[in-house]
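The structure under discussion appears below in the form of structure tokens.
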Amino acid sequence: MYPDRVVSGMRPTGVMHLGHFHGALKNWVKLQSEHECLFFVADWHALTTHYDDPSIIEKSTWDMVIDWLAAGIDPAQSTLFIQSKVPEHAELHLLLSMTTPLGWLERVPTYKDQQEKLADRDLATYGFLGYPLLQAADVLIYRASMVPVGEDQVPHIEMMRELARRFNHIYGKEKDFEEKAKEAVKKLGGKRARLYAELRTEFQEKGSADAIEQARAMLDEAQNLSMIDRERLFGYLEGSRKLILVEPRALLTEASRLPGLDGQKMSKSYGNSIGLREDRESVTKKMRTMPTDPARVRRTDPGEPERCPVWQLHKVYSDEPTRQWASTGCRSAGIGCLECKQPVIDAVLKEQEPMRERAQQYLDDPTLVRAIIADGCEKARRMAQETMRDVREVMGLSYN
Ligand code: SF4
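See the structure below:
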């Protein structure tokens, strides 16, 4: 089996705000200590919607990497790279497009949805339609086992799985597969070979999930197998095909949404965001002037926290006693709105402090960021090339 690997990317289409931190980056920081992680700047994806105004992409790319580092992404633990610096993504995208039924792409729920949401852009393009296919290539090329996503992205992962399955079905049928698989079984050694055969029969005849799990675990431990024999034996367990691409699964992330200053979703285009590394004065000013429950015209008017965007932030940033103090004080007009905002302002500034500090070294010396990305691109490219060697071979494109 291939190692557990997580792949995720972000489009460089503007500055990052605290909504990105709570919605994704915090989770990436956690994941990097649990799995092998690859995080990439999805600059080609940015072009699918910003093809007519690419100026934002280059600047956002470097700012975005600094934001990731500031948020706690550690280049010693994670591989950070830029999508377009690993051209194998585009090659796999092209090759997958040969076998992808058009209907699969047209059916992706976010396709129509996004077209409607971004009605000011002309998105009747081939690139935009192929967006989920490029996403699939981004993941399949690293044989990633997990992709962190929110509920709305699950259909994309489902499609990636279908694409991998279809690819393996069409191209995994090696000449003499059966013979090669049997040879590989022998290499397991007498006792293990017998166990493998028993578990394979049990799975194929009774569909026993335990049997396949046990067989996979045994293959994982078998040190004397080459990678290709191991993959043959994984494929042979389930049928008569080699696994070339790995089906990833969705790693559902609990959506911790940070609302914007007006209570809507935080977004730069709504003008309601707080930048990840925005300076203290600006954050304080924005929060002190953010809207509250309109019923509190005067200090003596009681309010209702559920109608107030500040309360939404208390839910994210404050502990129970502080929330109790705020809600009681609001409903009884015992506290003023500025007073109520202060603990949230303090919490936001405290959260940003280490991010600003970490970012400073990269702002002072931009060559550090370039070096991190150069290393990451090289590492990612080596992994991508490994997969592409197998893909080219089975598609009749290896002219060695
Ligand atoms: S007291 Fe707090 S919760 Fe109530 S309206 Fe003012 S800011 Fe909002």
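Sequential numbering from 1170 applies to the sequence shown in the working numbering. Glycine is no exception: its CB is placed at the ideal position from the N, C-alpha and C atoms. Here the structure is a predicted model, which means the values were calculated and not measured.
Would you list, in sequence order, the uninterrupted beta strand (DSSP E) runs of no fewer than 3 residues that lie entirely inside the segment 1337–1408?
-> none
Would you tell me roughly how many angstroms separate the C-alpha atoms of C1499 and V1316, rounded to the nearest one?
-> As a first step, residue 1499 must be located in the sequence shown, where it is residue number 330. As a first step, residue 1316 must be located in the sequence shown, where it is residue number 147. Straight-line Cα distance between these residues: approximately 42 Å.
Buried or exposed: where does I1443 fall if 16 or more other Cβ atoms within 10 Å of its Cβ makes it buried?
-> To locate residue 1443, count along the sequence shown from 1; it is residue 274. With 16 or more Cβ atoms within 10 Å of its Cβ, I1443 is classed as buried.
Less than 6 Å between the CB of R1467 and some heavy atom of the ligand SF4, yes or no?
-> The residue you call residue 1467 lines up with position 298 of the sequence shown. Relative to the ligand SF4, the beta carbon of R1467 is positioned no closer than 6 Å to any heavy atom.
Following the continuous beta strand (DSSP E) through F1250, name the residue where it begins and the one where it ends.
-> As a working note, residue 1250 is residue 81 in the sequence shown. F1250 -> beta strand (DSSP E) spans S1247 to I1251.
Within 6 Å: the Cβ of V1479 and any heavy atom of the ligand SF4?
-> Taking the sequence shown and counting its residues from 1, one reaches residue 1479 at position 310. Correct: V1479 has its Cβ closer than 6 Å to the ligand SF4.
Beta strand (DSSP E) segment containing C1419, residue limits | Start at 1 with the first residue of the sequence shown, and residue 1419 comes out as number 250. Correcting the residue type first, residue 1419 is Ala in the shown sequence and not Cys. From DSSP, the beta strand (DSSP E) with A1419 extends over R1418 to L1421.
Count the other C-beta atoms from every protein chain shown that fall within 10 angstroms of the C-beta of R1276, then say buried if there are 16 or more, exposed otherwise.
-> As a working mapping, residue 1276 is identified with position 107 in the sequence shown. With fewer than 16 other Cβ atoms within 10 Å, it is exposed.
Should the segment 1524–1542 be regarded as contacting the segment 1486–1504, the criterion being three or more beta carbon pairs within less than 8 Å?
-> no
Which residues mark the beginning and the end of the beta strand (DSSP E) in which F1208 is found?
-> Along the sequence shown, read from residue 1 onward, the residue named residue 1208 stands at position 39. F1208 -> beta strand (DSSP E) spans E1205 to V1210.
Kindly examine the ligand SF4 and report whether one of its heavy atoms sits closer than 6 Å to the Cβ of D1462.
-> The residue you call residue 1462 lines up with position 293 of the sequence shown. Because some heavy atom of the ligand SF4 lies under 6 Å away, the Cβ of D1462 counts as near it: yes.
Burial state of I1242 (16 or more Cβ within 10 Å) | Residue 1242 sits at position 73 when you count from the first residue of the sequence shown. Label assigned to I1242: buried.
Terminal residues of the continuous beta strand (DSSP E) containing S1177?
-> Residue numbering aside, residue 1177 sits at position 8 when the sequence shown is read from its first letter. Here the beta strand (DSSP E) through S1177 covers R1174 to M1179.
Using a threshold of 6 Å, is the CB atom of G1183 nearer than that to any non-hydrogen atom of the ligand SF4?
-> Locating residue 1183 in the sequence shown gives position 14, where the first residue counts as 1. No - the ligand SF4 has no heavy atom lying nearer than 6 Å to the Cβ of G1183.
Beta-carbon separation of R1525 and R1446 under 7 Å?
-> Locating residue 1525 in the sequence shown gives position 356, where the first residue counts as 1. Locating residue 1446 in the sequence shown gives position 277, where the first residue counts as 1. Yes, the Cβ-Cβ distance between R1525 and R1446 is below 7 Å.
According to the Cβ coordinates, are I1310 and A1553 closer than 7 Å?
-> For this step, residue 1310 is matched to residue 141 along the sequence shown. For this step, residue 1553 is matched to residue 384 along the sequence shown. It is a contact, given that the beta carbons lie within the stated cut-off.
Answer yes if the segment 1323–1332 comes into contact with the segment 1300–1308, meaning at least three C-beta pairs across the two stretches below 8 Å, and no otherwise.
-> Yes, since at least three Cβ pairs between the segment 1300–1308 and the segment 1323–1332 fall closer than 8 Å, the two stretches touch.
What is the DSSP secondary structure of P1428, counted as helix, strand or coil?
-> Within the sequence shown, numbered from 1, the residue matching residue 1428 stands at position 259. Note: P1428 maps to strand in three-state DSSP.
Tell me, which residues are paired with P1317 by DSSP?
-> Here residue 1317 refers to the residue found at position 148 of the sequence shown. Answer by DSSP bridge pairing, in chain order: L1420.
Select from G1178, G1192 and D1232 the residue whose C-alpha is nearest the C-alpha of Q1529.
-> Here residue 1529 refers to the residue found at position 360 of the sequence shown. That would be D1232, whose Cα lies nearest to the Cα of Q1529.
DSSP state of G1192 mapped onto helix, strand, coil | The residue given as residue 1192 occupies position 23 in the sequence shown. Three-state DSSP puts G1192 in a helix.
Shortest alpha-carbon distance to A1362 belongs to which of F1346, E1343 and R1385?
-> Taking the sequence shown and counting its residues from 1, one reaches residue 1362 at position 193. A1362 has its Cα closest to that of R1385, out of F1346, E1343 and R1385.
7 Å Cβ cutoff met for L1412 and L1332 = For the purposes of this step, residue 1412 is taken as residue 243 along the sequence shown, with counting starting at 1. For the purposes of this step, residue 1332 is taken as residue 163 along the sequence shown, with counting starting at 1. No, the Cβ-Cβ distance between L1412 and L1332 is not below 7 Å.
Cβ shell of S1487 (< 8 Å), same chain only, five flanking positions each side left out = Residue 1487 sits at position 318 when you count from the first residue of the sequence shown. Excluding positions up to five away in sequence, the list reads A1495, P1512, V1513 and A1516.
Indicate whether S1253 and D1212 have their beta-carbon atoms separated by less than 7 Å.
-> Reading the sequence shown from its first residue, position 84 is the one you call residue 1253. Reading the sequence shown from its first residue, position 43 is the one you call residue 1212. A contact, by the Cβ cut-off of 7 Å.
Apart from the five residues just before and just after R1550, which ones in its own chain have a Cβ nearer than 6 Å to its Cβ?
-> As a working note, residue 1550 is residue 381 in the sequence shown. Correct list, in chain order: V1255.
Can you give the Cα-Cα distance for S1202 and L1427, rounded to whole angstroms?
-> Residue 1202 sits at position 33 when you count from the first residue of the sequence shown. Residue 1427 sits at position 258 when you count from the first residue of the sequence shown. For S1202 and L1427, the distance between alpha carbons rounds to 24 Å.
Could you tell me whether the segment 1349–1367 touches the segment 1429–1437, using the rule of 3 or more Cβ pairs below 8 Å?
-> No contact exists between the segment 1349–1367 and the segment 1429–1437.
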